[in-house]
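A short worksheet on the structure shown next.
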Amino acid sequence: MTQISFKGRDILSTEQFSREDILHVCEVAKSFEKVAQKQETSDIMKGCVMASLFYEPSTRTRLSFETAMKRLGGMVVTAASEDTSSLSKGETFYDTGKMVSAYADVVAMRHPKRGSVDELARGCSVPVINAGDGPGQHPTQALLDIYTIMKERGTVDGLTVCLAGDLKYGRTVHSLLMLLRHFSVKLVFASPAELRMPDEYKEYLRDKNVDFKEVDSLEEGIRGSDVLYMTRVQQERFEDRAEYERLKLAFVLDYSMLERCGGVTGSSAITIMHPLPRVGEISMDVDDLPGAAYFRQAANGVPIRMALLAFVTGRI
Ligand code: NCD
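Per the working numbering, residue 5 is the first one in the sequence shown, and the count goes up by one each step.
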C-alpha cells in the first residue's frame with residue numbers, strides 16, 4: 005500500500021482522500037482500537053494541544069474528538085460557542101485562524117456556515133480538521149462511516165448502500181458518497197421528493213461512473229440493500245418551519261417495515277447506520293437487532309479521530 009503523508013495537512017473535504025488514503029486511515033484507526041476502548045493507554049500526543057472550536061451544536065463529534073486527543077495524552081482548549089468568542093464581535097474566520105495557530109497544534113472546527121472552516125484554515129498555520137461546515141462537508145464522519153461498514157460487513161466493495169432521509173441538506177451523506185465512489189458499490193437514494201440528493205452530487209457521481217438510482221419510498225430503498233444509512237431531517241437548514249414539520253417524519257424505520265422487507269435476520273439482514281442524533285426516524289424497536297450498528301458507529305468516531313489527529317500533527 006502506498007504510504008501517504010498527512011503531516012501538516014488540513015482535512016476539509018472527503019474529496020481529498022484516495023482509496024489508499026481511506027484504507028490507510030482505517031488500518032491505523034484499527035491499531036488504536038484498544039486505546040479507544042480503554043484497554044490500553046497511550047501518550048503519543050503528549051504535549052500537543054487541540055483547539056476545539058464548535059460553533060454549532062455537537063455531542064458525538066466534539067466529545068469523540070476531545071476523547072481521542074486526551075486518551076492519546078494530548079490536551080484540549082475550547083471555544084464554547086460563537087456568543088462567547090470574538091466571532092460575535094465581528095472577527096473574521098481568517099483572523100481567528102491566525103490567532104489560534106499561536107495557541108494550539110491542531111484545530112477541530114464546526115460552524116453552520118458552508119466554507120467557514122476553509123476560511124479559518126487559510127489563516128491558520130497549524131492543521132485544521134473540518135468537523136462539519138453547515139450543509140457542506142463532514143469528512144471525519146464519512147471516514148468513520150466507511151470504517152463502520154468495513155467492520156460490520158468485512159468489506160465495502162460489492163455492497164448496495166441505501167442513503168435515506170434528508171439527502172438535500174444532510175452533510176454526512178454528501179461527504180460519504182465521495183468516499184463510497186472509490187469502492188465498487190451500488191448506491192440507492194431514498195428520500196421524499198422535496199429532500200432529494202442535489203444535482204451537483206448526482207453530476208459528480210455520473211462523472212465518476214458510479215451506479216446510483218433514486219427512489220421515493222423507504223421500503224423500496226431497503227429491499228435489496230446491504231446497508232441502510234438513515235439520516236435526520238435537518239431542521240436547522242429549513243427556511244420554512246411548516247415544510248420541516250410536514251417532512252420530519254416522512255421516513256420512519258421500524259421493526260415491522262424491516263420484517264416486511266426481509267431485512268431482519270439471516271444472510272439478507274441489513275446493516276442499519278445513522279450518524280445520530282435520531283429524532284424519531286428510527287424506532288427503538290430496531291435497536292436490539294444484530295444489524296443495528298448506529299451506536300457502534302458512534303463509538304468508531306474515537307479511533308478514526310485518533311488516527312487523523314496523530315497523522316496531521318506528524319505523531320505517526
Ligand atoms: C451529524 C451532523 O452533525 O452532521 N451528526 C454527527 O456529526 N454525528 C448528523 C446530524 O446532525 O443529523
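A virtual CB, placed ideally from N, CA and C, is assigned to each residue, including glycine. Here the structure is a predicted model, which is why all the values come from computation and not from measurement.
Check	Outcome
Inter-residue spacing [alpha-carbon to alpha-carbon] between MET5 and SER22	Any reading at MET5 must be qualified, since the residue scores a pLDDT of 45, below 50, and its modelled position is unreliable; no value is offered.
Check whether THR18 and ALA146 have beta carbons under 8 Å apart	yes
Three-way DSSP call (helix, strand, coil) for SER56 in this model	strand
Continuous beta strand (DSSP E) assignments of at least 3 residues falling wholly in the segment 40–124	53–58, 79–83, 110–115
As assigned by DSSP and simplified to three states, the class of MET5	Note that MET5 scores 45 on pLDDT, short of 50, meaning its location in the model is unreliable and no value can be drawn from it.
Burial state of ASP109 (16 or more Cβ within 10 Å)	buried
TYR151 vs CYS52 beta-carbon contact at 8 Å	no
LEU222 Cβ short of 7 Å to the ligand NCD heavy atom set	no
Range of the contiguous beta strand (DSSP E) that encloses GLU218	215–219
Contact belief for GLU60 with PRO139 at Cβ below 8 Å, rounded distance in angstroms	Contact doesn't hold; Cβ gap of about 11 Å is too wide.
Residue from VAL104, ASP137, SER120, HIS142 whose Cα sits closest to the Cα of SER129	VAL104
Any non-hydrogen atom of the ligand NAP within 7 Å of LEU280 CB	What this structure holds is the ligand NCD, not the ligand NAP.
Contact under 8 Å by Cβ, ILE226 with LEU180	no
ILE274 (DSSP reduced to helix, strand or coil)	coil
For LYS190, the first and last residue of its enclosing beta strand (DSSP E)	190–194
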